[in-house]
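Read top to bottom, the protein sequences are chains A and B.
Heads up: the first sequence at position 5 corresponds to 641 in my numbering, and the numbers run straight through without jumps.
Heads up: the second sequence at position 37 corresponds to 41 in my numbering, and the numbers run straight through without jumps.
This report concerns only the one structure given below.
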Amino acid sequence: MPIQYYIYLCLALFSIGIVGVLTRRNAIIVFMCIELMLNAVNLLLVAFSKVHNTAALAGDKTSMIGIEAQLFVFFIMVVAAAEVSVGLAIIVMMYRNVHSVDINFLNRLKN
Amino acid sequence: MSITQFLFYFLTVLALFSAVMVVVSKNPVHSVLWLIAVFFAISGHYILLNAQFLAIVNLIVYAGAIMVLFLFVIMLMNLNASAEPQKNNWLKLAGVIAGGCFLMVLVSLVKQANELNNIAVTMGTGEIGLIKNLGKALFNDFVVPFEISSVLFLSAMVGAVVIGKKA
Numbered sequence: 637m638p639i640q641y642y643i644y645l646c647l648a649l650f651s652i653g654i655v656g657v658l659t660r661r662n663a664i665i666v667f668m669c670i671e672l673m674l675n676a677v678n679l680l681l682v683a684f685s686k687v688h689n690t691a692a693l694a695g696d697k698t699s700m701i702g703i704e705a706q707l708f709v710f711f712i713m714v715v716a717a718a719e720v721s722v723g724l725a726i727i728v729m730m731y732r733n734v735h736s737v738d739i740n741f742l743n744r745l746k747n
Numbered sequence: 005m006s007i008t009q010f011l012f013y014f015l016t017v018l019a020l021f022s023a024v025m026v027v028v029s030k031n032p033v034h035s036v037l038w039l040i041a042v043f044f045a046i047s048g049h050y051i052l053l054n055a056q057f058l059a060i061v062n063l064i065v066y067a068g069a070i071m072v073l074f075l076f077v078i079m080l081m082n083l084n085a086s087a088e089p090q091k092n093n094w095l096k097l098a099g100v101i102a103g104g105c106f107l108m109v110l111v112s113l114v115k116q117a118n119e120l121n122n123i124a125v126t127m128g129t130g131e132i133g134l135i136k137n138l139g140k141a142l143f144n145d146f147v148v149p150f151e152i153s154s155v156l157f158l159s160a161m162v163g164a165v166v167i168g169k170k171a
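As structure tokens, then:
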């Protein structure tokens, strides 16, 4: 598989996430689209880690080059889990205050 | 066409279709279920790339924990499709055009990058995705970030409880 195919896949997933953030007004869907973008980036990191590992394996059979990217993905997942818990708490609090999850209600900070 | 190529195309189509369905579904519960399908497809890609540990973690953490959290919140709020306010069609069109322009610019950028031409992802080799090797690296070179992430989790938990508490 050429690396370009993975790049195109991740770009498409990321763009779908962007379109979702721009077109939906439900705060939960917007949040889910952000998760989608995070996953697209994770997939690209793993693909490039695989490329570098394959290149290193040609010289050294037990090479561990590329393992940092996978741990990076692991830490991104950790941070995403923490982010989701706080973000959903914020959405629940917003729903309790204005009885809606419409993000257009949040523009009252403007004035 | 070899079996890995077939799996690659199958998982790609599944991921893209499910991602589109996440955005266009009217019912938030359906969006969550389609997003779980996206995560399964991405986990399949991880397995094809020999990142077995990440595939399992992706399933457990994302498809298991985070999506159940989303589902709980949606059911708690009792949202249904008719209650959701819609943006007007011009704004939607503008959003789609903006995202499409982003995609077009980056795809043309990748197309012109000759450095990427001879790089291929070979599947089915390498052992860096195994839990043994990842664990060694995690607890030797990355101990400090690992411990800091536990503090991050604690603070996120406290923050979620404080925010979610009835004021």
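Backbone N, C-alpha and C define an ideal beta-carbon position, used for all residues, glycine too.
task: Could you round the C-beta distance between I670 of chain A and V77 of chain B to whole angstroms and report it? I think they count as a contact, below 8 Å.
output: Rounded to whole angstroms, the Cβ separation of I670 of chain A and V77 of chain B is 15 Å, and the two are not in contact under 8 Å.
Outcome for N733 of chain A when other beta-carbon atoms lying within 10 angstroms are tallied against a minimum of 16: Classification of N733 of chain A: exposed, given that the 10 Å Cβ count is below 16.
- prompt: Is L742 of chain A close to chain B, meaning its C-beta is less than 9 Å from at least one C-beta of that chain?
  reply: For L742 of chain A, the answer is no, since every Cβ of chain B falls outside 9 Å of its Cβ.
query: Going by DSSP, which residues form a beta bridge with N662 of chain A?
result: Beta-bridge partners assigned by DSSP to N662 of chain A: A:D738.
- prompt: Based on the DSSP output, what are the partners of P638 of chain A in its beta bridges?
  reply: Bridge partners of P638 of chain A: B:A124.
message: For the structure I just gave you, are there three or more beta carbon pairs, one from the segment 34-50 of chain B and one from the segment 667-687 of chain A, closer than 8 Å?
response: A contact is defined here as three or more CB-CB pairs under 8 Å, and the segment 34-50 of chain B meets this definition with respect to the segment 667-687 of chain A.
field: CB contact below 9 Å: G695 of chain A versus chain B
entry: Residue contact with chain B for G695 of chain A: absent (no Cβ-Cβ distance below 9 Å to any residue of chain B).
message: Within a Cβ cutoff of 7 Å, which residues of the same chain sit near Y50 of chain B, ignoring the five residues on either side of it in sequence?
response: For Y50 of chain B, where only same-chain residues beyond five positions count, the Cβ hits under 7 Å are L58, A59 and N62.
- request: Output, in sequence order along the chain, the residues in the segment 36-69 of chain B whose CB is closer than 8 Å to any CB in chain A.
  value: Under the 8 Å Cβ criterion, the segment 36-69 of chain B contributes V36, L39, V42, F43, I46, H49, Y50, L53, N54, A55, F57, L58, V61, N62, V65, Y66 and A69.
query: Under a Cβ-count criterion, where at least 16 other Cβ atoms within 10 Å of its own Cβ denotes burial, should Q706 of chain A be classed as buried or exposed?
result: With 16 or more neighbouring CB atoms inside 10 Å of its own CB, Q706 of chain A falls in the buried class.
message: In whole angstroms, give me the CA-to-CA distance for Q56 of chain B and F14 of chain B.
response: Looking at the two C-alpha atoms, the distance is approximately 19 Å.
message: When you compare the CB of V27 of chain B with every CB in chain A, is at least one pair closer than 9 Å?
response: Closer than 9 Å to some Cβ of chain A, the Cβ of V27 of chain B qualifies, so yes.
- prompt: Taking just the CA atoms, how far does I664 of chain A sit from L11 of chain B?
  reply: If you take the alpha carbons of L11 of chain B and I664 of chain A, they lie about 31 Å apart.
message: Rounding to the nearest angstrom, what Cα-Cα distance links D696 of chain A and S6 of chain B in this structure?
response: Each residue's Cα considered, the two are about 27 Å apart.
message: Does the CB of V709 of chain A have a neighbour CB from chain B at under 9 Å?
response: So, interface residue.
field: I654 of chain A at chain B interface by Cβ criterion, 9 Å
entry: Taking Cβ atoms only, chain B reaches closer than 9 Å to I654 of chain A, which makes this a yes.
- request: Could you please give the first and the last residue of the uninterrupted alpha helix (DSSP H) stretch that includes F43 of chain B?
  value: Counted as a single uninterrupted DSSP element, the alpha helix (DSSP H) harbouring F43 of chain B occupies residues P32 to L52.
- request: Could you tell me which of A:L742, A:N740 and A:M730 sits nearest to K169 of chain B, measuring between CA atoms?
  value: K169 of chain B has its Cα closest to that of A:M730, out of A:L742, A:N740 and A:M730.
Endpoints, the alpha helix (DSSP H) within which L107 of chain B is located: Residues N93 to Q116.
- prompt: Looking at the structure shown, is E119 of chain B part of a helix, part of a strand, or coil, going by DSSP?
  reply: Residue state, collapsed to three classes: helix.
- prompt: For the putative contact between T16 of chain B and L645 of chain A, defined by C-beta atoms under 8 Å, what is the C-beta separation to the nearest angstrom?
  reply: So it is a contact: roughly 5 Å between Cβ atoms.
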